[in-house]
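Worksheet for the structure shown next.
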Amino acid sequence: MGIEGIGARVARKEDKRFITGKGRYTDDMVVPGMKHAAFVRSPHAHATIKGIDTAAAASMPGVIAVLTGDELANDGIGSLICGWMIHSKDGSPMNMGDWRPLAQSKVRYVGDAVAIVVADTKGQARDAAEAVNVTYEELPAVTEAVDALKDGAPLIHDNAPGNLIYDWEIGDGAAADAAIASAAHVTRMQIVNNRLVPNAMEPRATLGVYDEAEDHYTCWTTSQNPHVARLVMSAFYSVAPENKLRVIAPDVGGGFGSKIYIYPEEIVCLWASKKSGVPVKWVADRTESFLTDAHGRDHVTTVELAFDANNRMTGLKVDTIANLGAYMSLFSSSVPTYLYATLLSGQYTIPAIHCNVRTVYTNTAPVDAYRGAGRPEATYLLERTVETAARELGVSPAELRRTNFIREFPYQTPVIMNYDAGDYEASLDAAMAAADWSGFAARKAEAESRGKKRGIGMSCYIEACGIAPSQAVGSLGAGVGLWESAEVRVNAVGTVEILTGSHSHGQGHETTFAQLVADRFGVPIDSVSVVHGDTDKVQMGMGTYGSRSGAVGMSAIVKALDKVEVKAKAIAAHLLEADESDIVIENGQVKVAGTDKALGWHEVALNAYTAHNLPAGMEPGLKEGAFYDPSNFTFPAGCYVCEVEVDPDTGKTEIVQFVAADDFGNIINPMIVEGQVHGGIGQGIGQALLEGTAYDRETGQLLTASYMDYTMPRADDVPSYQVSHTVTACPSNPLGIKGCGEAGAIGSPPAVMNAITDAIGNNNLTMPATPQKVWAAMRA
Amino acid sequence: MSKVELTVNGRAVSAEVEDRTLLSQFLRETLNMTGTHVGCDTSQCGACVVHVDGKAVKSCTMLAAQASGSEVTTIEGLAAGGALHPVQAAFKEHHGLQCGFCTPGMIMSAVDMINRYGGKLDEKTVRAELEGNICRCTGYHNIVKSILAAAEEMSGAAKVAAE
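Order-wise, the sequence lines are chains A and B. Just so we're aligned, residue 203 is where the first sequence starts under my numbering, counting upward by one. Just so we're aligned, residue 2 is where the second sequence starts under my numbering, counting upward by one.
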């Protein structure tokens with residue numbers, strides 16, 4: 203692997219700018235003549251707009267423009283769309299309600315944008331936004347999905363009767379029913395997966411610049427996928443044709459899914475820049491982020507898991523209601539369907555599975571993918587249910603899982619997925635050994651002597667990454683292909699630039715992608731630059747989400763490197779008068795194997811560009827591009843063990859041990875992979891113990907709209923984590939890698955909840971398991 | 002309008018600003034020093050931590066006018082003469098950052114913490130002291146590791162200097 207190649211623990215190239223305050227985030231951008239925007243937002247969860255009076259605001263100091271939804275519509279700017287078509291089980295298409303970038307006749311959640319004010323300073327823009335007089339007629343609101351489905355619930359979109367977006371199913375319902383009817387034991391659970399706010403530390407921001415002379419737009423934005431943003435803004439929102447629109451996502455301060463989507467603010471600021479003749483910057487404050495960033499999760503589910511007399515799983519039946527909020531966000535429809543129900547087999551052989559999903563409009567922020575996206579919901583319900591079943595059946599949780607593990611690969615589940623490789627027992631064994639599972643009884647007794655309730659819980663997760671084979675997702679309703687692109691440019695002096703369609707917002711691509719080149723050509727990573735995040739520099743790419751930058755993004759780079767290698771070897775063979783098949787590239791040298799004939803890597807590069815002596819017919823240059831479309835999803839899996847102590851007097855839970863054993867296939871940079879797992883576990887512990895999004899059920903006001911109300915995990919809420927890896931190489935891509943970005947957030951919540959319920963002896967507990975809830979559950 | 006005069010990273014600066022201008026805004030918008038970040042506006046996240054007269058302060062909670070006459074150090078002023086501060090170096094070595102947005106505030110808080118405890122830090126203390134700094138990427142594991150490593154190095158260096 204070399205000291206900087208594949209598998210090396212290389213410190214990150216990108217760190218220096220971040221640790222010295224030289225990162226370049228969207229809010230750091232300044233362009234000549236730049237002005238500031240504030241949005242007028244609905245204070246009501248549901249209301250009709252009777253009138254908007256902008257006169258007072260327009261006359262305030264520093265105000266340049268006050269623009270409303272009618273003007274935006276008159277200029278032909280389109281409505282926001284959901285890009286994944288789901289059909290209900292009766293064959294009808296999903297009911298997509300109209301989402302105007304600036305609301306015109308009606309507002310549907312607190313925070314819905316109504317108008318934009320552009321002014322000289324941020325303060326002036328905000329002052330004037332408060333002076334825009336919008337006359338509302340309030341309507342009854344509904345915030346819970348279950349309530350929205352009830353007769354007489356307020357109707358949010360006219361084209362979605364009963365607030366139902368779709369009623370979808372997967373699997374064989376009759377077979378699952380039959381398995382449950384003939385089961386020796388059935389475990390039944392009601393599962394709530396709590397709504398979360400992603401909370402990337404950098405709030406969303408955008409800077410829209412219209413150049414009248416060139417009739418050209420530039421959009422700086424906090425995006426995980428700038429090319430997708432350009433495509434959607436061009437093709438669907440009619441902001442500008444693609445060749446007239448440049449989207450730049452510079453350093454981005456975390457995403458976790460919430461920065462995949464194209465939000466109203468990007469569209470409106472670009473349009474407002476043309477309309478007002480000045481560059482327009484908008485930066486969310488934290489409360490705007492809470493109100494308007496796409497939220498995550500929010501499922502209510504019933505589960506039935508059937509066992510035969512030998513404790514083998516025979517059938518699983520799941521019925522889910524998912525809250526998608528007031529509008530359908532860009533990929534919202536896919537999350538509670540193909541990213542969720544297709545993972546319900548978990549790590550287990552379950553012959554019959556059926557899942558029904560109803561998605562529902564409510565007067566809340568739109569809900570879309572948040573770290574894990576559907577897979578945490580599937581894992582949580584399955585692993586809570588399996589753990590509960592073990593308790594009911596009187597067997598150890600490990601034994602029940604072992605009895606049901608899938609052991610032969612490839613394995614076709616009843617819910618589309620074809621698992622290509624895995625060894626679930628290996629990660630279970632590794633996690634139990636690391637956690638000293640067998641010593642738990644003694645630790646519990648010792649805790650008891652201190653008056654503490656100690657519990658242990660595990661979770662065995664699987665997820666699907668490497669998203670995704672384009673043809674497969676196309677057949678399931680996706681509006682885009684999910685390949686990735688790369689270009690490898692070898693410069694005349696031998697340095698290398700990688701242009702990638704992936705986007706780094708914390709994942710360390712500038713380092714790991716460079717390691718691929720170091721590994722292949724033996725050049726130092728300092729001579730390799732990674733270029734991403736700018737549609738003018740980089741060819742079309744699909745961006746970063748769903749743990750795809752390794753399995754898909756790096757596979758594209760490998761394909762391009764293959765082509766570069768072939769050409770470099772052909773040039774060297776010609777110059778060294780050797781056969782191409784005898785040429786090897788090692789340690790920055792291009793050599794004839796078994797001889798002392800060699801050229802430096804830089805000499806081959808220079809020859810490619812001088813073109814004085816190339817093989818007959820060969821084009822000059824050393825630059826190759828590739829598009830990689832995966833042949834399958836990848837299937838990271840692992841086992842997490844959590845050990846807790848609960849204070850019976852206060853109900854406070856302390857996590858005293860957290861162990862992760864993950865199988866991500868081959869690993870490029872273990873330091874970065876471990877960091878991804880740490881962060882995911884931190885978010886999963888947040889979901890399990892601390893984070894709950896609360897809307898007032900009557901008024902639809904978001905009660906948790908700042909860090910004083912919404913509990914983010916702090917350093918003293920979480921432990922140090924013990925992270926290790928087992929490896930089964932992924933057979934579906936050239937590097938054998940599976941993806942690691944979401945596993946921590948997927949596997950950890952059920953492990954935590956299984957541990958707490960074990961400690962307190964009451965299984966009836968919902969996330970977040972706050973001290974108040976735990977205290978009450980101990981007394982129920 | 003208020004006249005604000007202060008020293009930032011050893012350089013004297015002055016400007017006339019709106020009375021309501023926050024120190025964070027003054028640094029970012031008036032001085033164009035964008036290393037100091039704003040993540041929450043309510044003094045919770047700590048991305049905006051700078052040192053004012055040697056103490057860690059959330060610059061989103063202080064008016065620029067209040068800081069007038071003070072000595073302010075920001076993340077841009079921490080690396081002396083191009084050499085990384087031991088805390089900066091430790092964050093890089095131990096992968097104490099991912100997206101980098103909370104990092105300036107984390108590092109400024111960590112320097113202050115190490116100074117106050119004279120290097121006598123343990124994991125529990127570091128975690129408690131980080132109450133005012135939120136990170137969404139790292140799960141804090143490597144931040145804690147970085148701070149402990151830096152504290153050890155700095156107290157080791159201090160011991161050598163004392164001997």
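Just so you know, even glycine gets a beta-carbon here, dropped at the ideal spot from N, CA and C.
Measuring straight from C-alpha to C-alpha, what distance separates residue i and residue j?
i: Asn276/A; j: Ser706/A; result: 37 Å
i: Val537/A; j: Thr697/A; result: 41 Å
i: Val9/B; j: Asn33/B; result: 12 Å
i: Ile464/A; j: Ser110/B; result: 34 Å
i: Ala982/A; j: Ile658/A; result: 21 Å
i: Glu788/A; j: Glu767/A; result: 12 Å
i: Ile614/A; j: Tyr621/A; result: Residue 614/A is actually Gln in this sequence, not Ile. Distance between the alpha carbons of Gln614/A and Tyr621/A is about 6 Å.
i: Ala347/A; j: Tyr529/A; result: 13 Å
i: Gln26/B; j: Leu905/A; result: 28 Å
i: Asn513/A; j: Gln549/A; result: 15 Å
i: Val18/B; j: Gln924/A; result: 50 Å
i: Lys793/A; j: Ala210/A; result: 25 Å
i: Glu782/A; j: Ala753/A; result: 30 Å
i: Glu6/B; j: Phe866/A; result: 54 Å
i: Ala152/B; j: Gly120/B; result: 5 Å
i: Cys103/B; j: Thr408/A; result: 19 Å
Kindly give me the distance between the Cβ atoms of residue i and residue j, rounded to whole angstroms, as I take these residues to be in contact under 8 Å.
i: Val212/A; j: Gln717/A; result: 6 Å
i: Ile135/B; j: Met914/A; result: 5 Å
i: Gly946/A; j: Ile874/A; result: Not a contact, Cβ separation roughly 13 Å.
i: Ala635/A; j: Gly459/A; result: 33 Å between Cβ atoms; not a contact.
i: Gly949/A; j: Thr420/A; result: Actually they do not touch by this definition, with Cβ atoms about 41 Å apart.
Please state if the CB of residue j and the CB of residue i are separated by a distance shorter than 8 Å.
i: Glu893/A; j: Leu398/A; result: yes
i: Thr522/A; j: Thr503/A; result: yes
i: Lys654/A; j: Asp849/A; result: yes
i: Ile700/A; j: Val675/A; result: no
i: Ile144/B; j: Met114/B; result: no
i: Ala600/A; j: Leu630/A; result: yes
i: Phe220/A; j: Gly101/B; result: yes
i: Pro921/A; j: Ile857/A; result: yes
So is residue i buried or exposed if we call it buried at 16+ other beta carbons inside 10 Å?
i: Thr200/A; result: Shown here, chain A extends from 203 to 982; a query on residue 200/A therefore has no answer.
i: Glu416/A; result: exposed
i: Gly641/A; result: exposed
i: His814/A; result: exposed
i: Leu541/A; result: buried
i: Pro234/A; result: exposed
i: His927/A; result: buried
i: Ala688/A; result: buried
i: Pro87/B; result: buried
i: Arg656/A; result: buried
i: Arg899/A; result: exposed
i: Val232/A; result: exposed
i: Ala978/A; result: exposed
i: Ile205/A; result: exposed
i: Val337/A; result: What sits at residue 337/A in the sequence shown is Thr, not Val. By the neighbour-count rule (16 or more Cβ atoms within 10 Å), Thr337/A is not buried but exposed.
So which residues of chain A does residue i contact, with C-beta pairs closer than 7 Å?
i: Val141/B; result: The sequence shown places Tyr at residue 141/B, not Val. Neighbours of Tyr141/B on chain A, chain order: Gly884, Ala917, Val920.
i: Val53/B; result: Chain A residues near Val53/B: none, gap ~16 Å exceeds 7 Å.
i: Arg12/B; result: Within 7 Å Cβ-Cβ: nothing; Arg12/B doesn't reach chain A, min ~15 Å.
Under 9 Å between beta-carbons, which chain B residues line up against residue i? List them in chain order, please.
i: Tyr923/A; result: Gly140, His142
i: Ser908/A; result: Cys41, Asp42, Thr43, Gln45
i: Val232/A; result: Glu30, Asn33, Thr35
Under 8 Å Cβ-Cβ, which residues of chain B neighbour residue i?
i: Thr222/A; result: Gly36, Ile76, Glu77, Leu79, Ala80, Leu85, Gln89
i: Ile874/A; result: His96
i: Gly853/A; result: By Cβ distance, chain B contributes nothing, its closest Cβ being about 21 Å from Gly853/A, past 8 Å.
i: Ala213/A; result: Lys93, Glu94, His96
i: Val454/A; result: Cys100
Taking Cβ-Cβ distances shorter than 8 Å, what residues in chain A pair up with residue i?
i: Ala48/B; result: Met403
Residue i versus chain B: which residues are under 7 Å apart at the beta carbon?
i: His707/A; result: Cys100
i: Met914/A; result: Ile135
Against residue i, what residues of chain A qualify as contacts under a CB-to-CB distance less than 9 Å, listed in chain order?
i: Val145/B; result: Ala917, Ser922
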